[in-house]
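First up is the structure itself, then whatever we jot down about it.
Residue numbers (full-length UniProt numbering): 1 to 299.
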């Protein structure tokens with residue numbers, strides 16, 4: 001069985017668009033017999049007749065009408081592929097974007113909307129995850145660009161600092177009033193809800209207790225900060241989460257922040273991207289992310 005080639009599809013598409021084999025040959029800088037041969041090879045490969053010849057005129061068969069849509073998509077995809085790797089611009093084709101959950105919850109939809117406004121037709125593969133997972137995907141070159149807290153990336157990934165993600169302990173608004181400042185020893189007996197071990201938040205919590213030589217008694221984990229926030233709203237536990245993502249619940253007086261000493265250290269947040277792909281397109285995306293962070297007062 002013969003394989004269908006891009007040259008065959010291009011010859012077929014030009015004949016359809018220009019209306020004759022002669023015009024297609026001129027456009028492709030080929031001889032008319034060469035164009036005819038490519039179309040004949042395509043018909044043989046697909047086991048169909050694509051044109052009916054009526055004297056000097058030609059018309060498409062039903063199979064030809066069906067094929068032209070496939071041909072257009074295939075040729076456009078091939079053109080996009082060549083352009084993507086010629087420019088090394090991740091904004092050509094599919095943008096593989098990784099986000100920490102803080103950015104995703106507040107700004108992801110705005111970011112995608114603005115990207116689509118700048119690059120109509122772009123496709124986005126969006127992954128929301130924790131530090132360990134997103135860092136690994138960057139290192140494996142499975143992401144083009146990502147926003148990561150306390151990134152752990154290799155030399156081929158470029159980092160640009162964008163701010164600090166402040167953290168706090170939060171409880172249901174009905175939690176009994178406490179003294180002015182709580183220590184790790186005060187929180188250790190409570191039901192704590194924290195991120196899983198792959199997340200930097202998990203290590204931050206455990207170090208905060210370890211530095212005070214305290215071991216928390218009851219720890220549950222949840223890999224979704226939005227679900228963790230809802231658990232706090234329902235009074236199911238005490239959680240360490242980024243202050244910005246729970247701000248609306250604080251303002252609505254559904255939750256409150258516990259005053260603690262020492263403070264839980266904030267996380268450094270970076271934009272990370274594949275160094276080999278940096279260019280005008282990616283620079284535009286980095287600037288756009290910075291604008292959204294400032295607009296939403298995120299970090």
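Glycine included, each C-beta is placed from N, C-alpha and C at the ideal position.
Exercise for the section: Determine the extent of the alpha helix (DSSP H) in which residue 281 is found, giving its start and end residues. Expected result: Element bounds for residue 281: 280-295.
Practice task
Please determine, among 245, 271 and 175, the residue with the shortest C-alpha to C-alpha distance to residue 235.
Solution key: Comparing alpha carbon positions, the residue from 245, 271 and 175 closest to residue 235 is 175.
Practice task
Between the Cα of residue 226 and those of 119, 64, 39 and 128, spot the shortest distance and give me the residue it belongs to.
Solution key: Residue 226 has its Cα closest to that of 128, out of 119, 64, 39 and 128.
Handout entry: Selection from 168, 36 and 104 that minimises the alpha carbon distance to residue 259
Key = If we check each option's Cα against that of residue 259, 168 comes out closest.
Problem - Simplified DSSP state of residue 125, which is helix, strand or coil - result: Strand.
Practice task
Would you check if there are 3 or more beta carbon pairs closer than 8 Å linking the region 134-149 to the region 203-223?
Solution key: Because the criterion of three Cβ pairs below 8 Å is not met, the region 134-149 and the region 203-223 do not touch.
Handout entry: Whole runs of the beta strand (DSSP E) within the region 47-92, excluding any shorter than 3 residues
Key = You should have 51-54 and 57-60.
Exercise for the section: With a threshold of 16 other CB atoms inside 10 Å of the CB of residue 100, please say whether the residue is buried or exposed. Expected result: By the neighbour-count rule (16 or more Cβ atoms within 10 Å), residue 100 is buried.
Practice task
Mark residue 165 as exposed unless 16 or more other C-beta atoms lie within 10 angstroms of its C-beta, in which case mark it buried.
Solution key: Per the 10 Å Cβ criterion, buried.
Problem - Residue ranges of each beta strand (DSSP E) within the region 99-152, 3 or longer - result: The qualifying runs are 123-128 and 145-149.
Handout entry: Backbone CA spacing between residue 250 and residue 192 [nearest angstrom]
Key = Residue 250 and residue 192: Cα-Cα distance of roughly 19 Å.
Exercise for the section: Just grab the DSSP bridge partners of residue 165 for me. Expected result: Per the DSSP secondary-structure output, residue 165 pairs in a beta bridge with 267.
Practice task
In angstroms with no decimal places, state the Cα-to-Cα distance between residue 7 and residue 38.
Solution key: Distance between the alpha carbons of residue 7 and residue 38: 7 Å.
Problem - Closest Cα partner of residue 270 within the set 16, 145, 19 and 254 - result: Nearest to residue 270 by C-alpha distance, out of 16, 145, 19 and 254, is 145.
Exercise for the section: Could you tell me the boundaries of the beta strand (DSSP E) in which residue 191 lies? Expected result: 191-194 is the span of the beta strand (DSSP E), which, as asked, contains residue 191.
Handout entry: Which residues DSSP lists as bridging residue 272, in chain order
Key = Partner residues in the beta bridge of residue 272, as assigned by DSSP, are 146 and 159.
Practice task
Identify, in the order they occur along the chain, each residue of the same chain with its Cβ nearer than 8 Å to the Cβ of residue 27, setting aside the five sequence neighbours on each side.
Solution key: Around residue 27: 14 and 18.
Exercise for the section: Pull up the distance between the alpha-carbon of residue 158 and that of residue 299, whole angstroms please. Expected result: Distance between the alpha carbons of residue 158 and residue 299 is about 20 Å.
Exercise for the section: Would you kindly check if the distance between the Cβ of residue 200 and the Cβ of residue 135 is under 7 Å? Expected result: Cβ atoms of residue 135 and residue 200: not closer than 7 Å.
Practice task
Assign residue 44 to one of two classes, buried (16 or more other C-beta atoms within 10 Å of its C-beta) or exposed (fewer than that).
Solution key: Looking at its Cβ environment, which holds fewer than 16 other Cβ atoms inside 10 Å, residue 44 is exposed.
Practice task
Return helix, strand or coil for residue 204, following the three-state DSSP convention.
Solution key: Judged by DSSP in its simplified three-state form, residue 204 adopts helix.
Handout entry: Through-space distance from residue 263 to residue 181, alpha-carbon basis
Key = Answer to the nearest angstrom: the Cα atoms are 10 Å apart.
Handout entry: residue 131 classed as buried or exposed, judged by whether at least 16 other C-beta atoms fall within 10 angstroms
Key = A residue is called buried once 16 or more other Cβ atoms fall within 10 Å of its Cβ, and residue 131 is buried on that count.
Handout entry: As assigned by DSSP and simplified to three states, the class of residue 173
Key = Three-state DSSP puts residue 173 in coil, outside helix and strand.
Practice task
Determine the direct distance from the alpha carbon of residue 85 to that of residue 24, and round the result to whole angstroms.
Solution key: If you take the alpha carbons of residue 24 and residue 85, they lie about 28 Å apart.
Exercise for the section: Would you kindly work out how many angstroms separate the C-alpha atoms of residue 64 and residue 50, rounded to a whole number? Expected result: When rounded, the separation of the alpha-carbon atoms in residue 64 and residue 50 is 4 Å.
Handout entry: CB-CB length for residue 156 against residue 79, believed under 8 Å
Key = The Cβ separation is near 28 Å, so there is no contact.
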